[in-house]
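Everything in the sequence shown is counted per our numbering, starting at 60 for the first residue and increasing by one.
Below: the structure, in structure tokens.
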Amino acid sequence: MQIILLGTAAGGGFPQWNCWCPSCRVARCEPGRALARTQSSAAVTADGQRWFLLNASPDVREQLARLPVEPPKGPRHVPVAGVVATDAELDHTLGIVLLREGRRLQLYLTCAVRQVLERDSSILPVTRAFADVEVVELPPQGGPVSLTYPDGAASGLSVETFPVPAGPPRFASEELAGHTVGLVLRDRATGGSCAFVPGCGGLDDGLLARLDAVDLVLFDGTFWTDDELIRLGIGDRTARQMDHLPVSGPGGSLEQLAALRTPRRVYTHINNTNPMLVEDSPERAQVVGRGLVVGMDGMRFDV
Ligand code: MLT
Ligand code: MN
Ligand code: ZN
């Protein structure tokens with residue numbers, strides 16, 4: 060299984076259009092010291108040609124251009140075999156509407172995510188006006204569910220879901236189990252596995268055991284500190300209140316992920332305010348020093 064990080068920034072991207080926080084300032088004024096990033100999404104494939112997107116970001120058009128695709132014979136070619144969503148947040152689902160030209164779209168969603176896309180953000184009804192949308196339901200916890208190609212053939216990849224601490228999007232009209240899940244992707248042929256957890260409000264022993272048992276962890280790197288937005292004067296909620304466990308400090312994700320045996324541990328969904336985005340920052344050095352990686356758009360992994 061091959062995995063490409065299509066986008067590694069949190070909602071808003073990096074730099075964010077209206078932001079002049081210290082790291083966005085570096086990204087604009089000294090771009091070599093803080094590389095621009097698109098919004099959080101990844102793509103997985105078993106055959107190198109047909110890809111499953113893990114979340115569909117508002118930057119999906121630009122991101123799909125990164126996929127290595129053999130020039131097709133016909134005038135149209137859809138390299139996306141399906142989209143698997145971890146939640147219904149806008150940065151993870153607006154791209155679904157933008158894939159409407161594909162004419163046919165296979166979505167793997169929990170019932171809770173489906174309800175929000177159906178009734179609250181109207182992403183499903185709007186997409187359906189342009190394309191056939193087929194929803195494969197994911198359990199809030201469990202699986203494996205096989206990922207299939209649009210012609211019904213098995214891809215050899217499967218997905219398992221598990222709950223992570225996080226509330227529903229703020230525009231959700233109802234709170235149901237499965238609003239936010241983590242994913243484990245598995246390749247039946249190679250036995251390789253990857254955990255994809257772009258949003259996570261906390262880690263407990265059960266979650267850590269799950270992350271310890273895969274070959275690659277892609278994890279929520281939204282905020283460096285709990286009070287990051289408050290200190291910068293651009294928000295009034297803590298990272299934890301926003302359901303993102305901060306990277307640094309006691310109980311932070313860096314300390315906990317550094318203790319795992321997982322060979323590759325990579326941060327993604329990194330907010331533009333996070334100082335670890337700056338290449339020569341002490342925060343970046345701390346992450347690298349503990350054996351973790353600050354994800355970058357275009358990074359590829361084979362598992
Ligand atoms: C999040 O990651 O917490 C959400 O995407 C927030 C947002 O979309 O504003
Ligand atoms: Mn987000
Ligand atoms: Zn910023």
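Think of the CB as a built atom: it goes at the ideal place given N, C-alpha and C, for glycine as much as any other residue.
Listed as beta-bridge partners of Glu219 by DSSP are Val243.
In the three-state DSSP reduction, Ala171 falls in the helix class (H, G or I). C-alpha of Leu157 to C-alpha of Cys80: approximately 29 Å in a straight line. Around the beta-carbon of Glu148, 16 or more other beta-carbon atoms lie within 10 Å, marking it buried. With respect to the C-alpha of Leu216, the residue from Ala225, Ala68 and Leu242 having the closest C-alpha is Leu242.
The closest heavy atom of the ligand MLT lies less than 7 Å from the beta carbon of Glu148.
Within 10 angstroms of the beta-carbon of Ala231 lie 16 or more other beta-carbons, which makes it buried. Around the CB of Asn331, 16 or more other CB atoms lie within 10 Å, so the residue is classed as buried. Around the beta carbon of Ser99, a 10 Å sphere encloses 16 or more other beta carbons of the protein chains shown; the residue is thus reported as buried. The distance from the Cβ of Val192 to that of Pro203 is about 23 Å, inconsistent with a contact at the 8 Å cut-off. Listed as beta-bridge partners of Tyr326 by DSSP are Phe278 and Val353. When the beta-carbon positions are compared, Leu112 and Asp356 stay at least 8 Å from each other. The stretch 259-271 and the stretch 220-228 touch, with no fewer than 3 CB-CB distances between them shorter than 8 Å. Note on geometry: alpha-carbon atoms of Ser180 and Pro134 lie some 32 Å from one another.
In this structure, the straight-line span from the alpha carbon of Ala190 to that of Gly161 is close to 7 Å.
A Cβ-Cβ contact shorter than 8 Å links Gly311 with Leu304. Distances from the CB of Ala69 to the heavy atoms of the ligand MLT include at least one below 7 Å.
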